[in-house]
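Peer 1: Residue numbers (the numbering used here), protein chains in the order written: chain Z, 1 to 363; chain W, 364 to 726.
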């Protein structure tokens with residue numbers, strides 16, 4: 001079988017060019033006679049690779065000097081712990097917007113490490129919308145939100161604007177695991193923005209954390225060493241052995257993104273790709289998109305059919321057309337089409353065609 | 364350039380067969396039309412891969428049902444924190460044997476989380492030997508040791524035998540990051556044995572922890588979620604997205620190991636490989652092996668030449684003969700030849716030849 005259209009929510013489709021280059025470099029990286037997964041992380045070649053990866057991160061996202069870029073082995077869930085462990089100062093309260101399952105888990109995890117406050121939630125309508133009204137606690141140390149809610153298919157159109165009771169802007173922290181690199185953003189609005197790699201910029205196993213350098217002063221030296229942001233900041237993310245192959249593949253994805261014209265160009269494509277699919281859903285009465293229109297995600301499109309049986313039928317018939325990994329999140333069901341940066345426009349056209357054809361055949 | 368002989372201490376050489384199979388599966392895994400780094404960790408194919416990986420772990424190491432096998436994203440350093448965080452019970456003291464740099468870091472890290480005791484050390488002679496006399500504290504909760512000391516090239520020939528003041532065996536914890544799978548061991552002697560993958564069984568980014576199931580009762584629910592062993596034990600190491608490509612490659616390495624005849628056969632080869640190199644060192648007066656003979660490692664062979672200049676000359680001339688990554692650990696210098704399972708016998712013969720030839724040419 002040749003390659004199919006893969007709508008997996010993550011680990012997700014990677015550009016074919018990245019996979020083809022990886023095949024070569026697995027055997028012999030840069031004429032060293034050693035494969036990229038076998039090369040020492042202390043070698044000149046690997047140190048250069050780390051530099052290039054950080055440099056591409058900075059140029060593609062236009063990251064100012066005020067912010068450090070850290071590569072931390074582990075996923076987003078580890079950040080749910082690291083953020084409060086590093087950043088809740090005594091007497092301050094961590095604020096959370098709960099707009100989905102992962103946002104909720106971040107909030108629940110933070111309770112272990114300090115005082116927390118629920119600043120907004122959309123759980124009342126099963127996370128089908130992005131909360132608009134934010135109610136901050138006193139002495140907030142940060143506001144944490146999830147820019148894109150993978151399970152429910154909702155997305156913040158822009159950063160929440162938050163000013164505390166004294167008129168000061170509250171440090172903003174964002175879990176951008178499923179939409180970093182999908183459009184240009186103003187990094188200086190964030191005190192910390194993080195993302196696991198496996199949706200928009202690489203294979204699973206690592207997260208990137210972009211953190212305002214002045215925040216690095218706060219962490220206590222009593223933290224577990226790999227859960228202290230300073231361990232990464234002081235050692236260029238090379239305190240211990242990082243996942244070298246994963247970092248290499250991230251670098252290849254970033255090179256690919258640059259070759260596509262960067263984040264501005266990919267954003268245009270993402271808007272077009274999403275509209276191809278949403279328009280097909282909207283012109284067919286059978287489908288029930290989950291997200292309110294104003295909260296729709298460009299990355300994950302979620303919908304149900306009128307019965308669980310039809311959901312399953314849709315997924316299995318789509319698979320026969322080489323449209324794969326369309327099942328919704330385990331606990332949520334329905335259909336989810338994840339169309340991250342590396343998902344080609346063609347996949348969206350094929351899916352839209354199938355969305356149009358399915359009601360005539362099966363409903 | 365074709366492939367060279369790679370003596371890197373980790374990330375280390377992988378079997379060529381594993382790399383060739385990975386090339387194919389990167390594009391299309393098991394005829395799914397999706398590459399192994401892009402497939403959902405909730406897919407049937409990946410769940411089967413996890414089961415196969417655990418199953419091979421169990422059969423190759425003959426792991427009894429009393430022990431769980433956990434796959435934890437991150438390296439050995441993260442275990443330096445997790446072990447004391449999970450396992451030091453109030454009123455008990457964690458005992459450490461400090462036989463090298465990593466052992467020392469494990470000991471230092473544990474101080475953050477409870478009472479610790481230095482049960483033995485070989486720092487007096489720059490870690491050139493394995494300590495024989497162990498002096499336990501009162502109420503020891505465990506004894507931690509490092510079976511192979513990568514930097515210094517020493518290795519425990521067998522587990523330290525320890526009985527506390529009441530005649531009870533103290534739970535034994537072992538960092539086997541650089542020698543798991545190099546020979547058969549009796550897993551039931553260990554309460555916990557762990558290893559990062561990047562030396563003997565895969566690419567960097569993940570560790571395996573083999574833990575006696577009864578120990579899982581001890582961990583506090585207040586721990587950071589990804590630093591609690593129960594998170595992994597209760598979810599078959601699939602609580603969150605694991606490094607899927609890395610796990611796939613581990614499975615391929617284990618299949619390769621099985622095809623070689625398993626751990627017993629590989630041990631014979633490791634003994635032979637090491638003796639080829641040690642004998643060459645011993646028959647040439649120029650070389651100063653670091654480890655005492657009775658403490659020599661089968662995995663990492665370390666030695667110095669009479670001057671730093673000659674060390675460098677040895678490394679650069681060896682590289683010209685395609686014998687690469689022979690530089691010693693940064694802070695220790697000298698030469699280090701790491702000859703893990705995947706290092707072919709041919710590499711050891713070539714290195715021995717070079718060891719014999721070098722004094723005639725350059726010293």
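Each residue gets a CB set at the ideal place from its N, CA and C atoms; glycine is no exception.
Counting beta carbon pairs with one atom in the stretch 115 to 127 of chain Z and one in the stretch 464 to 475 of chain W, are three or more of them shorter than 8 Å?
Peer 2: Output reads no: the stretch 115 to 127 of chain Z does not touch the stretch 464 to 475 of chain W.
Peer 1: Closer than 9 Å by beta-carbon distance: list the chain Z residues that pair up with residue 441 of chain W, in chain order.
Peer 2: In chain order: 73, 74, 224, 225, 226, 227, 240.
Peer 1: Does the beta-carbon of residue 44 of chain Z have 16 or more other beta-carbons within 10 angstroms, so that it is buried, or is it exposed?
Peer 2: It counts as exposed.
Peer 1: For residue 337 of chain Z, collect the residues of the same chain with a Cβ closer than 7 Å to its Cβ; drop the 5 residues on either side in sequence, then sort them by chain order.
Peer 2: Answer for residue 337 of chain Z: 7, 277, 301, 326, 351, listed in chain order.
Peer 1: Who are the neighbours of residue 561 of chain W on chain Z, taking C-beta pairs under 7 Å?
Peer 2: Within chain Z, the residues near residue 561 of chain W are 241.
Peer 1: Taking the beta strand (DSSP E) that residue 575 of chain W falls in, what are its first and last residues?
Peer 2: It spans 569 to 575 - the beta strand (DSSP E) in which residue 575 of chain W sits, taken as one unbroken run.
Peer 1: What separation, rounded to the nearest whole angstrom, lies between the Cα atoms of residue 99 of chain Z and residue 194 of chain Z?
Peer 2: Rounded to the nearest angstrom, the two C-alpha atoms are 17 Å apart.
Peer 1: Under 8 Å, do residue 364 of chain Z and residue 150 of chain Z count as touching if we go by C-beta distance?
Peer 2: Residue 364 of chain Z lies beyond the range of chain Z shown here (1 to 363); nothing can be said about it.
Peer 1: If you drop the 5 nearest sequence neighbours on each side, which residues of the same chain put their C-beta closer than 7 Å to that of residue 52 of chain Z?
Peer 2: These residues qualify, in order along the chain: 251.
Peer 1: If the cut is a Cβ gap below 8 Å, which residues of chain Z does residue 403 of chain W touch?
Peer 2: The contacting residues are 8, 9, 10, 11, 325.
Peer 1: Can you name the residues of chain W whose CB is closer than 7 Å to the CB of residue 162 of chain Z?
Peer 2: Result: empty, since nearest Cβ-Cβ is about 26 Å, beyond 7 Å.
Peer 1: Tell me, to the nearest whole angstrom, how far the beta carbon of residue 612 of chain W is from that of residue 381 of chain W; I am working on the premise that it is less than 8 Å.
Peer 2: Correct: roughly 6 Å between the Cβ atoms.
Peer 1: Residues of chain W with a CB under 8 Å from the CB of residue 4 of chain Z: which are they?
Peer 2: Residues of chain W passing the Cβ test: 395, 396, 397.
Peer 1: Note down the Cα distance separating residue 156 of chain Z from residue 272 of chain Z, rounded to an integer number of angstroms.
Peer 2: Using only the alpha carbons, I get a separation of about 18 Å.
Peer 1: How many angstroms separate the CA atom of residue 253 of chain Z from the CA atom of residue 449 of chain W?
Peer 2: Cα to Cα, the separation comes out at about 37 Å.
Peer 1: Are at least three pairs of beta-carbons, each pair with one atom in the stretch 618 to 628 of chain W and one in the stretch 641 to 652 of chain W, less than 8 Å apart?
Peer 2: Contact fails: fewer than three Cβ-Cβ distances are below 8 Å.
Peer 1: Enumerated in chain order, which unbroken segments of the beta strand (DSSP E) with a length of 3 residues or greater are wholly contained in the stretch 300 to 327 of chain Z?
Peer 2: The stretch 300 to 327 of chain Z contains these whole beta strand (DSSP E) runs: 300 to 304.
Peer 1: Does residue 333 of chain Z have its Cβ less than 8 Å from a Cβ in chain W?
Peer 2: Residue 333 of chain Z does not count as touching chain W.
Peer 1: Just the chain Z side, please: which residues come within less than 7 Å of residue 685 of chain W by C-beta, in chain order?
Peer 2: Ordered by position in chain Z, the residues that pass the 7 Å Cβ test against residue 685 of chain W are 33.
Peer 1: Using the Cα positions of residue 140 of chain Z and residue 161 of chain Z, report the straight-line distance between them to the nearest angstrom.
Peer 2: Each residue's alpha carbon lies about 14 Å from the other.
Peer 1: Closer than 8 Å, CB to CB, is residue 536 of chain W near chain Z or not?
Peer 2: For residue 536 of chain W, the answer is no, since every Cβ of chain Z falls outside 8 Å of its Cβ.
Peer 1: Can you check DSSP and say which residues form a bridge with residue 289 of chain Z?
Peer 2: Paired residues: Z:303.
Peer 1: Considering only residues of the same chain and omitting the five flanking positions on each side of residue 21 of chain Z, which have a CB-CB separation below 6 Å?
Peer 2: Counting only Cβ-Cβ distances below 6 Å, and skipping sequence neighbours, we find 252.
Peer 1: Helix, strand or coil: which one does DSSP assign to residue 146 of chain Z?
Peer 2: Looking at residue 146 of chain Z - three-state DSSP - the assignment turns out to be strand.
Peer 1: Which parts of the stretch 93 to 157 of chain Z are runs of the alpha helix (DSSP H), unbroken and 4 residues or longer, counting only runs that do not cross its ends?
Peer 2: Within the stretch 93 to 157 of chain Z, the complete alpha helix (DSSP H) runs of at least 4 residues are 101 to 110.
Peer 1: Span of the beta strand (DSSP E) holding residue 555 of chain W?
Peer 2: Segment 555 to 559, the beta strand (DSSP E) holding residue 555 of chain W.
Peer 1: According to DSSP, is residue 296 of chain Z part of a helix, a strand, or is it coil?
Peer 2: Strand.
Peer 1: Residues of chain W with a CB under 8 Å from the CB of residue 85 of chain Z: which are they?
Peer 2: Result: 587.
Peer 1: What does residue 702 of chain W touch in chain Z if you count any residue whose Cβ is under 9 Å from its own?
Peer 2: In chain order: nothing, as chain Z lies at least about 14 Å away.
Peer 1: Measure the C-alpha to C-alpha separation of residue 154 of chain Z and residue 349 of chain Z and round it to an integer number of angstroms.
Peer 2: Those two C-alpha atoms are separated by around 21 Å.
Peer 1: Name the chain Z residues whose beta carbon is nearer than 8 Å to that of residue 618 of chain W?
Peer 2: None at all; the shortest Cβ gap to chain Z is about 16 Å.
Peer 1: Smallest Cα separation from residue 105 of chain Z: which of Z:83, Z:280, Z:5?
Peer 2: Closest option to residue 105 of chain Z, Cα to Cα, is Z:83.
Peer 1: Could you check which residue in W:706, W:718, W:697, W:669 has the C-alpha nearest to that of residue 684 of chain W?
Peer 2: Considering only alpha carbons, the answer is W:718.
Peer 1: Tell me where the beta strand (DSSP E) around residue 537 of chain W begins and ends.
Peer 2: Per DSSP, residue 537 of chain W belongs to the beta strand (DSSP E) from 535 to 538.
Peer 1: Within 10 angstroms of its Cβ, does residue 725 of chain W collect 16 or more other Cβ (buried), or is it exposed?
Peer 2: It counts as exposed.
Peer 1: Is residue 562 of chain W buried or exposed, if buried means 16 or more other CB atoms sit within 10 Å of its CB?
Peer 2: Its Cβ being crowded by 16 or more others within 10 Å, residue 562 of chain W is buried.
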